[in-house]
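**Q** Going letter by letter, the sequence shown gives residues 3 to 146 in the numbering used here.
Glycine included, C-beta positions come from ideal geometry on N, C-alpha and C.
Here the structure is a predicted model, which is why all the values come from computation and not from measurement.
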Amino acid sequence: MHQYAAGRSDALDDARIAELIGAVRSALDEGRAAEAPSVPGKRPYVKEGAVPLAPKYAESCRRCGRCVEACPVEAVDATTLKTDKGTCIACMGCVAVCPDRARTVNGLLVKAAALAIKKQEGGAQGGRAVLGCVSLAPCTPVMQ
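In structure tokens:
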């Protein structure tokens, strides 16, 4: 079983999403949504300057194409099955749907990313990083 987003979304995520939806609705109702918010990083989801976690395919791949269909940004080439690192958002959808477990990411990069996420989440303090964007100001992660 892959470790990407294991156990997510959960009740805390759902509550935070509902809170953000309410804030957006209020901003729209009050006419405060004249311009799009500024979100740092590559749209969508990738933090600026992040090391790419673009999955590769292995010899065990039987070319079923599920990875191509699963990619929300069309980063997996349908002919070569190579991942375009400039387009990939590291959602790991292609990894999750591969019936042969033939799509992988460099293990050292995964460990480095996991450490960075744990550090951002507050590590042993048990905090969680969530998107704190409820206005038209730039969005930043906040601890809860």
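(1) Taking the beta carbon of P57 as the centre, do at least 16 other beta carbons fall within 10 Å, making it buried, or is it exposed?
(2) Measure how close the beta-carbons of D102 and C63 come, nearest whole angstrom, since I'm counting them as under 8 angstroms.
(3) Who does R68 pair with in a DSSP beta bridge?
(4) Near C96, which residues of its chain fall below 6 angstroms by C-beta distance, leaving aside the five closest residues on each side in sequence?
(5) Taking 8 angstroms as the threshold (beta carbon to beta carbon), is V75 in contact with chain C?
(6) With C-beta atoms as the reference, is A80 less than 8 angstroms away from G88?
(7) On the DSSP bridge assignment, give the partners of T85 in chain order.
**A** Checking against the coordinates, here is how it stands:
(1) Counting Cβ neighbours within 10 Å, P57 comes out buried, since at least 16 surround it.
(2) 6 angstroms
(3) Paired residue(s): none; R68 is not in a bridge.
(4) P57, C69, A72, C73, V78 and R105
(5) In the displayed structure, chain C is absent; only one protein chain is listed.
(6) no
(7) V78
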